[in-house]
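One structure is given below, encoded as structure tokens.
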Amino acid sequence: MCSALQRQRHRNRTRSAARRWPASSRASLRGPGKSGTSSRSSGRSSLSRLLARRRRAKRRPAPEYRSDLPPVEAALEAILFAAGAPIAPAKLAQGLRNLYPREKVVEAIGALERRYAAGAHGIAIEHVAGGVRLVTKHEFAEPVAAVLGRPRTITLSPAAIETLSLIAYKQPISKADLESVRGVQCDGVLRSLIELELVRVAGRDESLGRAFLYGTTKKFLEQFGLRGIKDLPRPEA
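Quick note: the sequence shown, position 157, residue 214 per this note's numbering, numbers continuous.
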């Protein structure tokens, strides 16, 4: 189980990672003249005018839509770009229910995925953790890293990998059962995995004592590039 999960993690590291883009950028404003009261007043006035212009722009009618993409596909593209994280198709369909029929949204996800795969695009749609998200294609990993740096990865010790593997394949599982299989105490490793948001409390055992039961999280699926637990690689005999 441990080596199978390690191989899955290595494969996922070679894939491109979705990157969030900043929602806003910083601006530096300087008022004319020397520093002091007049400078600060001028700066506030400039900022007020800037905010007023932005508010007026938002109230203007939206320009006529012109694109090679059907409107529903363009809407999905914008949503996935802004989200950065996986969104479940059901949530997309629910949010767009007043604009597009559910089946249109589901069809558009597949159409957009095929369009990215077939065309000269630097991005693709990835199915992970029960949702879909935009990611950069693997062939553009180097130029992306050259400008933005490489995404931070979670470093796990052999003990953490072994514990996480047991939880992933045998969940929900109690700490006592984990320690019985591993032969050592798991308090520290389990606490670290919970802090990394890879493991969560999934319930309580119905037997005497009602011990906590542990399972993996959505972040675990994202880190290992899995759609769901059923996509875990088959453990070695």
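Idealized CB from N, CA, C, for every residue including glycine.
Counting only the Cα atoms, E236 lies some 12 Å from G245.
Assigned with DSSP and collapsed to three states, L213 falls in coil, not helix or strand.
Considering only L104, V192, M58, S231, the residue with the shortest C-alpha distance to G272 is S231.
In the DSSP annotation of this structure, the continuous segment of the alpha helix (DSSP H) that includes Y173 starts and ends at 159 to 175.
Boundaries of the alpha helix (DSSP H) around I136: 128 to 140. G272: member of the beta strand (DSSP E) spanning 269 to 273, first to last residue.
A buried status is given to Q280, since no fewer than 16 other beta-carbon atoms sit within 10 Å of its beta-carbon.
Beta-bridge partners of G188 (DSSP): V185. Note that the C-beta distance between A165 and E134 is not below 7 Å. In this structure, DSSP gives V238 a helical state, which the three-state scheme calls helix. When secondary structure is reduced to three states using DSSP, G260 falls in the strand class. Between V192 and A175, the C-beta spacing is not below 7 Å. Cβ contact annotation for V162 (same chain, cutoff 6 Å, sequence separation greater than five): L149, A150, L153, in chain order.
Cβ contact annotation for R267 (same chain, cutoff 6 Å, sequence separation greater than five): R261, in chain order. Contact between A145 and G188 holds, since their C-beta atoms are separated by about 5 Å, short of 8 Å. Linking A147 to A259 through their CA atoms gives a straight-line distance of about 23 Å. Counted as a single uninterrupted DSSP element, the alpha helix (DSSP H) harbouring R248 occupies residues 244 to 252. When the Cα atoms are used, L278 and R113 turn out to be separated by approximately 43 Å. Selection Q242, H184, R116 evaluated against A233 yields Q242 as nearest (Cα-Cα).
Between S222 and L62, the gap from beta carbon to beta carbon is short of 7 Å.
About 7 Å separates the Cβ atoms of R239 and T220, confirming a contact at the 8 Å cut-off. In its chain, beyond the 5 residues on either side, V246 have a beta carbon closer than 8 Å to the beta carbon of S214. The bridge partners DSSP lists for T193 are I180.
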